[in-house]
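Residue numbers (the numbering used here): 2 to 164.
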């Protein structure tokens, strides 16, 4: 009888509270930071080790958490650029900030995309069609668009990494 609650706790995602079989431990160290650390440091969640709740996160919630972390980092970088510009608001500095802005948003999505896409895609890099988009607002730079999620990249290399 005691093993039934453990099975449920071990297969229930801490975030969406759904029974999942493809889970990641909250305490596994991926990229130098565990999901537990990311959640505790960037949200107001009260997650404690051995608090009786599930100790895993499902793959979909893990991906959504990483997208959220990228968004927070982008906001922080943009705010730093704005503060730097406000401190030194001369013409030369404005040009420098614009160059930094291009680097800041180089890999960012310029269109909306679906965060939770449960469809399985079976394609290889060689067979994946790449669509190029011209954007007249940014001096006619060629952009590369993923046909699956509509994410737009300024470099073909970044699109291939995305796929």
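Glycine included, every Cβ here is placed at the ideal spot set by N, Cα and C.
(message) Check for me: the alpha helix (DSSP H) holding residue 150 runs from which residue to which?
(response) Position 149 of the chain shown, counting from 1, holds the residue named residue 150. Here residue 150 belongs to no alpha helix (DSSP H), and DSSP marks it neither H nor E.
(request) Select from 32, 87, 145, 149 the residue whose C-alpha is nearest the C-alpha of residue 67. (result) Taking the first residue of the chain shown as 1, we reach residue 67 at position 66. Answer by Cα proximity: 32.
(request) Give every residue of the same chain whose Cβ lies closer than 8 Å to the Cβ of residue 19, excluding the five residues on either side of it in the sequence, and list them in chain order. (result) Taking the first residue of the chain shown as 1, we reach residue 19 at position 18. Cβ within range, chain order: 13, 59.
(request) Compute the Euclidean distance between the alpha carbons of residue 55 and residue 71, then round it to the nearest angstrom. (result) The residue you call residue 55 lines up with position 54 of the chain shown. The residue you call residue 71 lines up with position 70 of the chain shown. The straight-line gap from Cα to Cα measures roughly 25 Å.
(request) Output yes or no for whether 9 Å exceeds the beta carbon distance between residue 43 and residue 69. (result) Locating residue 43 in the chain shown gives position 42, where the first residue counts as 1. Locating residue 69 in the chain shown gives position 68, where the first residue counts as 1. Taking 9 Å as the Cβ cut-off, residue 43 and residue 69 qualify as a contacting pair.
(request) Classify residue 163 as buried or exposed, calling it buried when 16 or more other Cβ atoms lie within 10 Å of its own Cβ. (result) The sequence position of residue 163 within the chain shown is 162, counting from 1. With fewer than 16 Cβ atoms within 10 Å of its Cβ, residue 163 is classed as exposed.
(message) With the cut-off set at 9 Å, would you say residue 57 and residue 85 are in Cβ contact?
(response) By 1-based counting over the chain shown, the position of residue 57 is 56. By 1-based counting over the chain shown, the position of residue 85 is 84. No, they are not a contact pair.
(message) I need the DSSP call for residue 16, collapsed to helix, strand or coil.
(response) Here residue 16 refers to the residue found at position 15 of the chain shown. Here residue 16 sits in coil by DSSP.
(message) Judging by CA-CA distance, which residue of 158, 25, 150, 87 is the nearest neighbour of residue 62?
(response) Sequence index remark: in the chain shown, residue 62 carries index 61 (1-based). Per the Cα distances, 25.
(message) With H, G and I counted as helix, E and B as strand and the rest as coil, what does DSSP make of residue 45?
(response) Counting from 1 along the chain shown, the entry for residue 45 is found at position 44. Of the three classes helix, strand and coil, the one that applies to residue 45 here is coil, per DSSP.
(request) Following the continuous alpha helix (DSSP H) through residue 62, name the residue where it begins and the one where it ends. (result) Position 61 of the chain shown, counted from the start, is the residue given in the question as residue 62. 60-88 is the span of the alpha helix (DSSP H), which, as asked, contains residue 62.
(message) Between the alpha carbons of residue 148 and residue 81, how many angstroms are there, rounded?
(response) As a position in the chain shown, residue 148 is number 147, starting the count at 1. As a position in the chain shown, residue 81 is number 80, starting the count at 1. Distance between the alpha carbons of residue 148 and residue 81 is about 33 Å.
(request) State the Cα-Cα distance for the pair residue 27 and residue 89, rounded to the nearest angstrom. (result) Mapped onto the chain shown, residue 27 falls at position 26. Mapped onto the chain shown, residue 89 falls at position 88. In a straight line, the C-alpha of residue 27 is about 43 Å away from that of residue 89.
(request) May I ask which residues mark the beginning and end of the beta strand (DSSP E) holding residue 35? (result) Position 34 of the chain shown, counting from 1, holds the residue named residue 35. Premise fails: residue 35 is in no beta strand (DSSP E) and is neither H nor E.
(message) Am I right that residue 40 and residue 50 are in contact with their C-beta atoms under 8 Å? What's the rounded C-beta distance?
(response) Reading the chain shown from its first residue, position 39 is the one you call residue 40. Reading the chain shown from its first residue, position 49 is the one you call residue 50. The pair is not a contact, with the Cβ atoms about 12 Å apart (cut-off 8 Å).
(request) Give the straight-line distance between the Cα atoms of residue 153 and residue 144, rounded to the nearest whole angstrom. (result) Counted from its first residue, the chain shown places residue 153 at position 152. Counted from its first residue, the chain shown places residue 144 at position 143. Near 6 Å, if we compare the C-alpha coordinates of residue 144 and residue 153.
(request) Sort 38, 159, 11 by Cα distance to residue 1 and report the nearest one. (result) Residue 1 cannot be examined here, being either before or after the span of the chain that is shown, 2 to 164.
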